[in-house]
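Protein chains in written order, with numbering that gives the first Met the number 0: chain A, 0 to 206; chain B, 0 to 242; chain C, 0 to 468. Note that CB positions come from ideal geometry on N, CA and C, so glycine has one too. It should be emphasised that the depicted structure is a prediction, and the values quoted were computed from it without experimental measurement. Here's the structure we're looking at; comments come further down.
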Amino acid sequence: MSAKTDILKNIRQALGDDRGAELPVNRDYRASLGLDREAMVHLFIDRLVDYNATVYRTDAAGIAGTVADALRSRGKSGLVVPPGIDPSWLPQGYRFTADHDLDYDTLDAAEGALTASTAAIAFTGSIILTHSLAEGRRAISLIPDYHLCVVFESEIRGTVPEAIRSLASRRTCPITTIAGPSATADIEMMRVKGVHGPRTLDVIIVG
Amino acid sequence: MLISLFVACYNDTLFPDTGKAVVTVLERLGHTVEFREAQTCCGQMHYNTGYRPEAIAVMKHFVETFRDAQIICVPSSSCVSMMREHYPKMAKDAGLETEIEELLPRVYEFSELLVDKFGITDVGASYPHTVTMHTSCHSIRSLHIGDKPERLLKAVQGLNLVKLPAADQCCGFGGTFAIKNAEVSSAMLDEKIKAITSTGASICTAGDNSCLMHIGGGLSRQDTGVTCIHLAEILAAREVSVQ
Amino acid sequence: MSVRVGEAAEAPDFRQAAHALLANKQVRANVRRATETIRNKRANVVGEMPDWEQLRDAGRAIKRRVMRNLDSHLEQFEAACTRAGGQVHWARDADEGNRIVTQIIQSHGQKEIIKVKTMTSDETQLNPHLEANGIIPWETDLADLIIQLGHDKPSHIVVPALHKNKTEIRTLFMEKMGLKELGTKPEDLTAAARAYLRERFLRVKVGYSGANFAVAETGSVCVVESEGNGRMCVTLPEIMITMVGIEKIVPSFDDLEVFLQLLPRSATGERMNPYNSIWTGVTPGDGPKEFHVILLDNGRTKVLADEESRETLHCIRCAACLNVCPVYRQTGGHAYGSIYSGPIGAILTPQLQSMEHSQSLPYASSLCGACYDVCPVKINIPEILIHLRTRIVENGDRGAAERIGMRMAAYTMSDAGRFSGAQKLVKIGAKPLESLGLPGWSASRDLPAIPKESFRDWWKKRQVEKNKA
Ligand code: SF4
Chain A
0 MSAKTDILKN IRQALGDDRG AELPVNRDYR ASLGLDREAM VHLFIDRLVD YNATVYRTDA
60 AGIAGTVADA LRSRGKSGLV VPPGIDPSWL PQGYRFTADH DLDYDTLDAA EGALTASTAA
120 IAFTGSIILT HSLAEGRRAI SLIPDYHLCV VFESEIRGTV PEAIRSLASR RTCPITTIAG
180 PSATADIEMM RVKGVHGPRT LDVIIVG
Chain B
0 MLISLFVACY NDTLFPDTGK AVVTVLERLG HTVEFREAQT CCGQMHYNTG YRPEAIAVMK
60 HFVETFRDAQ IICVPSSSCV SMMREHYPKM AKDAGLETEI EELLPRVYEF SELLVDKFGI
120 TDVGASYPHT VTMHTSCHSI RSLHIGDKPE RLLKAVQGLN LVKLPAADQC CGFGGTFAIK
180 NAEVSSAMLD EKIKAITSTG ASICTAGDNS CLMHIGGGLS RQDTGVTCIH LAEILAAREV
240 SVQ
Chain C
0 MSVRVGEAAE APDFRQAAHA LLANKQVRAN VRRATETIRN KRANVVGEMP DWEQLRDAGR
60 AIKRRVMRNL DSHLEQFEAA CTRAGGQVHW ARDADEGNRI VTQIIQSHGQ KEIIKVKTMT
120 SDETQLNPHL EANGIIPWET DLADLIIQLG HDKPSHIVVP ALHKNKTEIR TLFMEKMGLK
180 ELGTKPEDLT AAARAYLRER FLRVKVGYSG ANFAVAETGS VCVVESEGNG RMCVTLPEIM
240 ITMVGIEKIV PSFDDLEVFL QLLPRSATGE RMNPYNSIWT GVTPGDGPKE FHVILLDNGR
300 TKVLADEESR ETLHCIRCAA CLNVCPVYRQ TGGHAYGSIY SGPIGAILTP QLQSMEHSQS
360 LPYASSLCGA CYDVCPVKIN IPEILIHLRT RIVENGDRGA AERIGMRMAA YTMSDAGRFS
420 GAQKLVKIGA KPLESLGLPG WSASRDLPAI PKESFRDWWK KRQVEKNKA
């Protein structure tokens with residue numbers, strides 16, 4: 000007998016045939032924070048700052064200028080970008096390398112990556128990537144040591160349930176949620192920021 | 000009101016003063032107390048050690064003894080917790096579901112009886128000592144007794160209540176645990192004793208003599224000068240301070 | 000079939016193991032500091048959740064729903080994952096799971112894998128198995144790396160190296176990584192680990208993980224982590240292998256909205272852990288080209304069969320129960336002789352092994368209930384501990400002396416006449432409690448003197464006097 004048959008047989012023996020109706024799940028936990036957009040953005044920014052991320056706010060027309068600001072203040076001359084990035088986001092005078100299957104060593108040597116995002120969660124300070132063409136494959140926001148991420152205010156959700164439900168059409172894409180730079184507390188419970196993931200995260204919030 | 004006292008087997012044998020104190024307090028409040036001599040034990044030790052059929056036999060005896068009692072007062076949070084948490088399940092095996100369902104709402108832990116049922120916190124006691132209180136595991140986590148004992152103590156004349164650090168941490172008794180895993184149990188007790196002595200209290204109280212027997216055993220072995228006494232005995236006291 | 004949980008079957012009993020550990024002041028201080036830190040952080044972030052109890056109830060309800068129809072959920076997962084380009088394998092026990100892993104690695108001619116922290120591979124002892132087959136498993140979680148380099152054993156589910164302090168870690172890293180110089184701060188040690196692993200992340204072709212959740216509806220797998228090593232392991236290699244216990248299934252994608260709130264707050268006291276990776280099968284142009292999931296039983300269906308302790312399988316391995324346990328606090332994790340330690344270990348390990356081994360574990364608890372209070376999926380651990388004790392007694396595995404004693408006591412306790420007779424016997428012995436032979440007790444605790452008069456004797460006298468008056 001195959002392992003599958005055996006395991007399923009054991010489960011059926013354990014549970015019997017008469018399982019009764021599917022058990023109900025009461026979802027009366029909080030789905031919304033009941034905050035207006037500005038309050039939500041503020042909460043989100045608070046959480047990001049808590050993680051040491053630098054946060055910029057701008058409007059759609061100001062994205063390129065803000066990217067330039069961020070690069071200047073981090074002393075960077077260029078970034079890797081996903082193939083589907085909106086070209087209007089890229090300021091003059093910097094070198095942007097589109098990711099057409101760049102090899103890992105190239106990514107490792109890059110100064111950082113600029114990506115879009117799918118959604119964010121104000122209450123937990125999370126950014127959600129579903130790795131669309133504007134967000135890029137997972138490797139580009141992972142290997143370079145710096146991640147500059149663009150988040151649209153309209154995509155900021157209050158709670159985890161709101162965010163998860165908003166992913167309905169993208170559930171089977173690769174999904175990465177990011178809440179601050181990588182961190183560990185494995186040594187004497189002292190929190191160290193920056194382990195393997197990008198050690199610096201900056202966020203541009205677009206209104 | 001007629002109140003039936005279930006004193007608990009270990010109180011009966013080892014801590015009769017607690018039972019007497021309960022009688023004193025309840026009579027002082029104008030109630031009549033009865034003691035059904037057929038009573039023995041709640042079955043906790045058996046149940047917790049894995050002897051379920053034996054515990055069921057003891058439970059049956061409890062039901063027979065208290066079937067028609069209107070209010071049952073128990074000065075032991077662990078016994079009440081045993082009844083509420085486990086009797087309903089054991090009742091199924093014993094075919095006593097209805098009896099248990101009817102009986103349990105009439106069982107009160109001592110401080111529940113005073114505060115919830117009677118709505119009283121001041122029982123007219125006076126006890127001029129510095130006291131700290133260990134919140135027994137069963138009373139907080141199973142009975143959710145909250146601040147009831149504290150409110151009772153605060154109403155006692157002359158009593159200086161000092162907060163016990165990590166009051167909700169287990170003292171390490173756990174019935175047969177204290178014997179089966181004596182060393183770990185002792186290490187847990189050590190922490191409790193350090194916490195108690197750090198308060199400067201001369202008295203440590205609780206609503207359960209099983210914890211107090213354990214804590215008291217350690218306090219006495221380490222010669223700390225701190226004494227353990229059940230909450231009921233403080234509430235029964237009418238000491239005048241000697242000044 | 001043989002179920003194996005790490006090396007638990009060979010471990011000494013809890014009492015013996017605890018004896019040695021209690022003498023280790025350093026470890027006990029580390030354990031205390033670590034558990035207190037996480038416990039306070041947890042209390043803060045749980046305290047800010049007005050709907051925590053509703054979330055716990057929902058978590059519990061979802062898990063109950065999964066268990067009730069575990070077979071169909073697993074089949075649903077298999078179908079969805081396969082549709083998305085994944086390959087699903089089934090393993091009855093640890094050996095079978097390990098063999099599947101080796102076969103996949105060897106079929107690609109590979110000799111190394113990068114691993115993200117997973118308890119399941121400790122359970123199946125995957126690493127020794129791989130090493131015996133000439134494959135190097137690189138642990139990439141900082142704590143696991145510390146354990147691996149030191150040939151040590153994990154002592155906590157979430158922070159496995161909490162028993163090591165930074166001086167010990169520094170010495171270990173210098174020796175094993177061949178470093179001449181290394182700073183003393185946690186930052187320096189972390190940077191050393193980053194440099195050590197970086198090259199491996201970029202080069203090694205096979206990644207390995209467990210899963211916190213596997214979604215039946217979509218065939219997705221979710222890995223929750225902090226350091227980014229998880230993202231590296233599940234993204235960069237060409238071949239990805241995930242071994243997951245069959246109980247880790249959740250029915251629908253949206254169920255993650257419950258667990259992604261419960262888990263980080265309970266495990267590390269964070270509102271959200273830095274990274275979650277969720278992936279479904281294979282995505283062309285992004286990540287591994289080949290994805291294998293191994294669904295592992297290894298005793299779980301046996302646990303499922305016992306209705307009274309089935310909910311043990313609800314565990315999401317947050318370790319909150321360890322951090323509040325007063326017993327764990329004294330001994331640390333190694334006393335439990337299993338990779339699953341603390342309260343959850345005390346109920347899980349013996350059950351996985353069909354109660355044949357680790358029978359001392361259900362007694363390693365004072366039943367204080369702190370674990371039940373914090374468990375994010377409301378597993379009634381004290382109740383299961385008692386249930387397991389009952390099973391041990393029923394199997395006749397406790398000593399005859401204890402059994403006879405308990406029977407006699409029950410006989411005594413179900414009749415007032417016999418009980419009061421026994422009370423008198425106790426009194427005759429003068430200092431009788433001592434003589435009952437409680438050596439463990441008496442080492443650190445005095446026993447109360449036996450009062451001259453029991454309560455019932457006092458009551459009788461009082462009634463007589465009342466009647467006279
Ligand atoms: S039993 Fe509950 S508290 Fe303990 S690790 Fe599992 S989920 Fe967490």
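Proximal residues of chain C, C-beta to C-beta of residue i below 9 Å
i	result
Ser-181 (chain A)	Glu-224, Ser-225, Glu-226, Gly-227, Asn-228, Arg-230, Pro-273, Tyr-274
Interface residues of chain A facing residue i [CB-CB closer than 7 Å]
i	result
Ala-142 (chain C)	Asp-185
Asp-277 (chain C)	A small fix is needed here, since residue 277 (chain C) is Ile in this sequence, not Asp. Within 7 Å Cβ-Cβ: Ile-174.
Gly-284 (chain C)	Arg-136
Chain C within 9 Å of residue i, Cβ atoms only
i	result
Arg-56 (chain A)	no
Tyr-145 (chain A)	no
Gly-196 (chain A)	yes
Leu-70 (chain A)	no
Asp-29 (chain B)	Correcting the residue type first, residue 29 (chain B) is Gly in the shown sequence and not Asp. With 9 Å as the cut-off, Gly-29 (chain B) does not count as an interface residue toward chain C.
Ala-25 (chain A)	At residue 25 (chain A) the sequence reads Asn, which differs from the Ala that was named. Yes, because at least one Cβ of chain C sits closer than 9 Å to the Cβ of Asn-25 (chain A).
Asn-10 (chain B)	yes
Glu-26 (chain B)	no
Neighbour flag for residue i against chain B, beta carbons, 9 Å
i	result
His-18 (chain C)	yes
Met-354 (chain C)	no
Ala-409 (chain C)	yes
Proximal residues of chain C, C-beta to C-beta of residue i below 8 Å
i	result
Met-39 (chain A)	By Cβ distance, chain C contributes nothing, its closest Cβ being about 15 Å from Met-39 (chain A), past 8 Å.
Lys-19 (chain B)	Phe-454, Trp-457
Under 9 Å from the C-beta of residue i: neighbouring residues of chain A
i	result
Val-115 (chain C)	Simply none; closest approach about 10 Å.
Residue(s) in a DSSP beta bridge with residue i
i	result
Thr-31 (chain B)	B:Leu-1
Trp-137 (chain C)	C:Ile-113
His-244 (chain B)	Only positions 0 to 242 of chain B appear in this structure, which leaves residue 244 (chain B) out of reach.
Leu-128 (chain A)	A:Thr-175
Arg-27 (chain C)	Its beta-bridge partners do not exist; DSSP assigns none.
Lys-192 (chain A)	A:Ala-182
Val-87 (chain C)	C:Val-292
Asp-201 (chain A)	A:Thr-53, A:Leu-147
Gln-156 (chain B)	B:Ser-125
Thr-120 (chain B)	The partner list for Thr-120 (chain B) (beta bridge, DSSP) is empty, contrary to what the question assumes.
Contact with chain A by residue i, beta-carbon distance below 9 Å
i	result
Pro-349 (chain C)	no
Gly-85 (chain C)	no
Lys-247 (chain C)	no
Amino acids of chain B, ordered along the chain, whose beta-carbon sits closer than 7 Å to that of residue i
i	result
Trp-458 (chain C)	Phe-34
Trp-440 (chain C)	Ala-177, Ile-178, Ala-181
Val-392 (chain C)	Gly-49, Tyr-50
Partners in chain A for residue i, counting only beta-carbon separations shorter than 8 Å
i	result
Leu-387 (chain C)	Ordered by position in chain A, no residue passes the 8 Å Cβ test against Leu-387 (chain C), which lies about 17 Å from the chain.
Neighbouring residues, chain C, relative to residue i (Cβ below 7 Å)
i	result
Ser-125 (chain A)	Met-271
Contacts of residue i in chain B (Cβ-Cβ under 8 Å)
i	result
Gly-368 (chain C)	Cys-136, His-137, Arg-140, Ser-141
Residue i: contacting residues in chain B (beta-carbon distance under 9 Å)
i	result
Arg-14 (chain C)	Lys-179, Asn-180, Ala-181, Glu-182, Val-183
Near-chain D residues of the region 328-341 of chain C (beta-carbon distance less than 9 Å), N- to C-terminal order = You won't find chain D in this structure, because its protein chains are A, B and C.
In chain order, which continuous runs of the beta strand (DSSP E) of length 3 or greater are located wholly inside the region 161-219 of chain B?
-> 202-205
Give, in chain order, every residue of the region 293-318 of chain C whose Cβ lies closer than 7 Å to some Cβ of chain B.
-> Hits within the stretch: zero.
Entirely enclosed alpha helix (DSSP H) segments - the region 139-190 of chain C, minimum 4 residues | Listed in chain order, the complete alpha helix (DSSP H) runs (minimum 4 residues) inside the region 139-190 of chain C are 141-148, 165-176.
Every unbroken alpha helix (DSSP H) inside the region 309-376 of chain C [4 residues or more] = 319-323, 325-330, 341-351, 369-373
For the region 116-141 of chain C, which residues have a beta carbon sitting closer than 8 Å to at least one beta carbon of chain A?
-> Thr-139, Asp-140, Leu-141
Which runs of the alpha helix (DSSP H) fall wholly inside the region 183-249 of chain C and span at least 4 residues, in chain order?
-> 185-202, 228-234
In the region 210-221 of chain B, which residues sit with their C-beta less than 8 Å from some C-beta in chain C, listed in chain order?
-> Met-212, His-213, Gly-215, Gly-216, Gly-217, Ser-219, Arg-220
Using a beta-carbon distance cut-off of less than 7 Å, what residues from the region 147-159 of chain C approach chain A?
-> So the list reads Val-158, given in the order they occur along the chain.
Against chain C: residues of the region 74-95 of chain B by CB proximity under 7 Å = From the region 74-95 of chain B, no residue has a Cβ closer than 7 Å to chain C.
Against chain A: residues of the region 193-227 of chain C by CB proximity under 9 Å = Of all residues in the region 193-227 of chain C, Arg-193, Leu-196, Arg-197, Phe-200, Leu-201, Arg-202, Val-214, Glu-216, Thr-217, Gly-218, Ser-219, Cys-221, Glu-224, Ser-225, Glu-226, Gly-227 have a Cβ within less than 9 Å of some Cβ in chain A.
Which residues, in order along the region 26-59 of chain C, keep a beta-carbon less than 7 Å from a beta-carbon of chain B?
-> none
Which full runs of the alpha helix (DSSP H) of 4+ residues lie inside the region 17-83 of chain C, going along the chain?
-> 24-46, 51-67, 69-82
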